[in-house]
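Participant:
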Amino acid sequence: MPIRAYAAASATAPLAPITIERREPRPTDVELDILWAGICHSDLHFARSEWEPPTYPVVPGHEIVGRVRRVGSRVTRFRVGELAAVGVLVDSCRTCAPCRRGEEPFCSTGPTFTYGSEDRISGGQTCGGYSERITCDEAFTLRLPATLDPARAAPLLCAGITTWSPLKRWQAGPGKKVGIVGLGGLGHMGVQFAGALGAETVVLTTSPAKAADAERLGASGALLTTDLAAMARHADSFDLIVDTVSGDHDLNALLALLRLDGALVLVGLPPKPQAVKAFSLVAPRRILTGSMIGGLAETQSMLDFCGQRAIACHVETVRVQQLNAAWERLARGDVKYRFVIDMASIRG
Ligand SMILES: NC(=O)c1ccc[n+]([C@@H]2O[C@H](COP(=O)([O-])OP(=O)(O)OC[C@H]3O[C@@H](n4cnc5c(N)ncnc54)[C@H](OP(=O)(O)O)[C@@H]3O)[C@@H](O)[C@H]2O)c1
Ligand SMILES: [Zn+2]
Ligand SMILES: [Zn+2]
Numbered sequence: 029m030p031i032r033a034y035a036a037a038s039a040t041a042p043l044a045p046i047t048i049e050r051r052e053p054r055p056t057d058v059e060l061d062i063l064w065a066g067i068c069h070s071d072l073h074f075a076r077s078e079w080e081p082p083t084y085p086v087v088p089g090h091e092i093v094g095r096v097r098r099v100g101s102r103v104t105r106f107r108v109g110e111l112a113a114v115g116v117l118v119d120s121c122r123t124c125a126p127c128r129r130g131e132e133p134f135c136s137t138g139p140t141f142t143y144g145s146e147d148r149i150s151g152g153q154t155c156g157g158y159s160e161r162i163t164c165d166e167a168f169t170l171r172l173p174a175t176l177d178p179a180r181a182a183p184l185l186c187a188g189i190t191t192w193s194p195l196k197r198w199q200a201g202p203g204k205k206v207g208i209v210g211l212g213g214l215g216h217m218g219v220q221f222a223g224a225l226g227a228e229t230v231v232l233t234t235s236p237a238k239a240a241d242a243e244r245l246g247a248s249g250a251l252l253t254t255d256l257a258a259m260a261r262h263a264d265s266f267d268l269i270v271d272t273v274s275g276d277h278d279l280n281a282l283l284a285l286l287r288l289d290g291a292l293v294l295v296g297l298p299p300k301p302q303a304v305k306a307f308s309l310v311a312p313r314r315i316l317t318g319s320m321i322g323g324l325a326e327t328q329s330m331l332d333f334c335g336q337r338a339i340a341c342h343v344e345t346v347r348v349q350q351l352n353a354a355w356e357r358l359a360r361g362d363v364k365y366r367f368v369i370d371m372a373s374i375r376g
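Count along the sequence shown from 1, add 28, and you get the number used in the working numbering.
1. Quick check: is any heavy atom of ligand 3 less than 7 Å from the C-beta of S120?
2. For R76, which residues of its own chain have a beta-carbon under 6 Å away from its beta-carbon, when the five flanking residues on both sides are left out?
3. Looking only at C-alpha atoms, which of V273, R375, L316 sits nearest to A187?
4. Which residues neighbour ligand 4 when neighbourhood means a C-beta less than 5 Å away from any of its non-hydrogen atoms? List them by chain order.
5. Mark V310 as exposed unless 16 or more other C-beta atoms lie within 10 angstroms of its C-beta, in which case mark it buried.
6. For a test of the three-state rule: what should DSSP assign to E78, helix, strand or coil?
7. Pick from R171, R97, T56, S145: whose alpha carbon is nearest that of L324?
8. When you compare each of G151, M371, C155, A182 to Y143 by their alpha carbons, which one comes out closest?
9. Quick one: Cα of R102 to Cα of V96, how far?
10. From which residue to which residue does the beta strand (DSSP E) around D271 run?
11. Alpha carbon to alpha carbon, how far is P139 from T327? Give it in angstroms, no decimals.
12. From which residue to which residue does the alpha helix (DSSP H) around T310 run?
13. Here's the rule: buried if 16 or more other CB atoms are within 10 angstroms of the residue's CB, otherwise exposed. What is I321?
14. Pick helix, strand or coil for Q153, following the three-state DSSP scheme.
15. For I67, report the span of its beta strand (DSSP E) as first-last.
16. Count Cβ pairs between the segment 54-71 and the segment 152-166 that sit closer than 8 Å; are there 3 or more?
17. Apply the 10 Å Cβ neighbour rule to V368 and answer buried if 16 or more other Cβ atoms are within range, or exposed otherwise.
18. Please report the straight-line C-alpha distance between E146 and R51, rounded to a whole angstrom.
19. Measuring alpha carbon to alpha carbon, tell me which of I374, T123, R107, A174 ends up nearest D57.
20. Please classify A306 as buried or exposed, where buried requires at least 16 other C-beta atoms within 10 Å of its C-beta.
21. For G210, is the classification buried or exposed, using 16 other Cβ atoms within 10 angstroms of its Cβ as the cut-off for buried?
22. How is V96 classed by DSSP in three states: helix, strand or coil?
23. Is there at least one non-hydrogen atom of ligand 3 closer than 7 Å to the beta-carbon of S136?
24. Would you kindly check if the distance between the Cβ of Q153 and the Cβ of I339 is under 8 Å?
25. Does the beta carbon of P126 fall short of 7 Å from some heavy atom of ligand 3?
26. Examine ligand 3 and report whether any of its heavy atoms sits within less than 7 Å of the Cβ of T123.
27. Report all residues from its chain with a CB closer than 7 Å to the CB of P299; omit the five preceding and five following residues, and keep chain order.
28. Have a look at Q199 and P312 and give me their C-alpha separation to the nearest angstrom.
29. Can you tell me whether K204 is helix, strand or coil according to DSSP?
30. Going by DSSP, what residue range makes up the beta strand (DSSP E) through I162?
31. Of all the options E59, L214, T317, which has the alpha carbon lying nearest to the alpha carbon of G94?
32. Taking only three categories from DSSP, how would you classify T327?
33. Put L214 into one of helix, strand or coil per three-state DSSP.
34. Please report the distance separating the alpha-carbon of C127 from that of F141.
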C-alpha cells in the first residue's frame, strides 16, 4: 500500500516528500495512522551519514504515536481507534538469551530498528515515523496511558526510555547524587526521571541559559561544564552520571566528578572517538559504560510511570513543511526540548 513519507535521499539532501510501501497487516500486526513523530538527534546522525553510510533513501523517525487503523486477526492487545506507540525497534529474533530476558536492543542477531534496518520477513529497508502510517507487530507496539498528551508522549519512545533504562539499572534514587549531561531531548527527560526517582539531580550543561530550566525540570542545580572552578568543587561526589552529549566533549572532566565506584553511562553517540585517560578510571576506581534504549517491557513500565506521575516531554510541534528548518535548529541545539512533527500535516 503506497503512503506518503519524508525521506533523505543522500547525506546532504534536504528531507523531501516520497512515496513508500507499507505492508498489509499480518495476523499479529497493528497498523497505525501516525499522529505525532518526535525528532531525535539520532535521525540527523543517521541520515547525514555521521556514523556509518546508510542505504538511501532514509525515512527517519522512531518516536511514534498513532491511532490504530487496522489489526491482524490474532492481535489481542490493541483495538481499532485506540492510541498506540512505536519506538526504536520493530522486531528482533525473540529467541536468543537477551530477547528472552526482555533485552531486545541487545538481540544477539541484531534487532530490527524502526528505520534503516533490513526487514526480517519481507526484506527491504524499514521506514520510520516521518510518514502517514506504520505497520508493526503487536509485540513491538506499546500502549499509551490515557492520561498522557499524545504529542508530549511521543519522545518518551526514545528520549524517555534511553534515559530511564540506565537510571533504573544504576539505581538512581534517594541518597544518590545523579548528573545528567546535556540538556537536550534526552537530557530533559533524564532530569525529570532522576528527580522523580528521588535522586539529588544536577544538570551539566554548556548553555548558561538552560540553568533555570534545569531547576524547573526538577534538578537541584546546574553545573556549567566550562566553569572549571565549579567542576572542581563537585569532584569525587557523583554516584552516577548519564551523558547524553551528541558531539565532542571531555569525558575525563566528567569522570573526575565520580566518587569511588561511581559510573559514567554514555548514551549520547558522538560520531568521533572521545579520548579517555587511564588515570581517570584507575584512582579512584570508576566505571565507564554505555546503554542503548531499553527493552519492550521496560519501555511499557516507563510509559506507565509517566502516566501515573504526569511526566511528559517539553515539545515544540512542527509541520512536515518545517522539517528541514527544525533539523537545522536541532543541529545547533536550539530546541526546548524536543521537536515533534504533527503528521496530520503530511496530508496537506
Ligand atoms: N544510546 C541510545 O540508545 C540513544 C538513543 C537516542 C539518542 N542517542 C544519542 O544521544 C545523543 C543526544 O540525543 P538528543 O536527541 O538528546 O540530542 P539533542 O536534543 O541535540 O541534545 C544534545 C545536548 O548535548 C549537548 N551538546 C551537544 N553537543 C555538545 C558538545 N559538542 N559538547 C558539549 N555538549 C554538547 C547540548 O546540551 P547543553 O546545551 O545542555 O550543553 C545538547 O542540547 C545523540 O548523539 C543521539 O544519537 C542515543
Ligand atoms: Zn532516538
Ligand atoms: Zn534476539
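Backbone N, C-alpha and C fix where the C-beta goes; we use that ideal spot for every residue, glycine too.
Computed from a predicted structure; not experimentally measured.
Facilitator: This is what the structure gives:
1. Yes, Cβ of S120 sits closer than 7 Å to a heavy atom of ligand 3.
2. Exclusion of the five residues before and after R76 leaves A39 as the residues of its chain whose Cβ lies within less than 6 Å of its Cβ.
3. Per the Cα distances, V273.
4. The model on display carries ligand 1, ligand 2 and ligand 3 but not ligand 4.
5. In this structure V310 is exposed. Its beta-carbon is surrounded by fewer than 16 other beta-carbon atoms within 10 angstroms.
6. Look at E78 here: in three-state DSSP terms it is coil, with no helix or strand label.
7. Nearest C-alpha to L324: R171.
8. That would be C155, whose Cα lies nearest to the Cα of Y143.
9. Using only the alpha carbons, I get a separation of about 15 Å.
10. Counted as a single uninterrupted DSSP element, the beta strand (DSSP E) harbouring D271 occupies residues 266-271.
11. Taking C-alpha positions only, T327 is separated from P139 by approximately 15 Å.
12. The amino acid occupying residue 310 in the given sequence is Val; Thr does not appear at that position. V310 -> alpha helix (DSSP H) spans 306-310.
13. When all chains shown are included, I321 counts as buried.
14. Note: Q153 maps to strand in three-state DSSP.
15. Segment: none, I67 is in no beta strand (DSSP E) and carries neither H nor E.
16. In short, these stretches touch, since the Cβ pair count reaches three.
17. Of the other Cβ atoms in all chains shown, 16 or more fall within 10 Å of the Cβ of V368; this residue is therefore buried.
18. If you take the alpha carbons of E146 and R51, they lie about 14 Å apart.
19. It is R107 whose Cα lies nearest to the Cα of D57.
20. The C-beta of A306 has fewer than 16 other C-beta atoms within 10 Å across all chains shown, which makes the residue exposed.
21. Counting other Cβ atoms within 10 Å of its Cβ, G210 reaches 16 or more and is therefore classed as buried.
22. Shown here, V96 sits in a strand according to DSSP, grouped into three states.
23. Under cutoff, so the answer is yes.
24. No, the Cβ-Cβ distance between I339 and Q153 is not below 8 Å.
25. Set against 7 Å, the gap from the CB of P126 to the closest heavy atom of ligand 3 is smaller.
26. Under cutoff, so the answer is yes.
27. Within the same chain, and ignoring the five residues on either side of P299 in sequence, the residues whose Cβ sits closer than 7 Å to its Cβ are H73, E78, W79.
28. Taking the straight line joining both Cα atoms gives about 20 Å.
29. Taken through DSSP and simplified to helix, strand or coil, K204 comes out as coil.
30. Run containing I162: 161-165, per the beta strand (DSSP E) assignment.
31. Among E59, L214, T317, the Cα nearest to that of G94 belongs to E59.
32. DSSP places T327 in helix when its eight states are reduced to three.
33. DSSP places L214 in the helix class (H, G or I) of the three-state scheme.
34. Roughly 14 Å separates the two Cα atoms.
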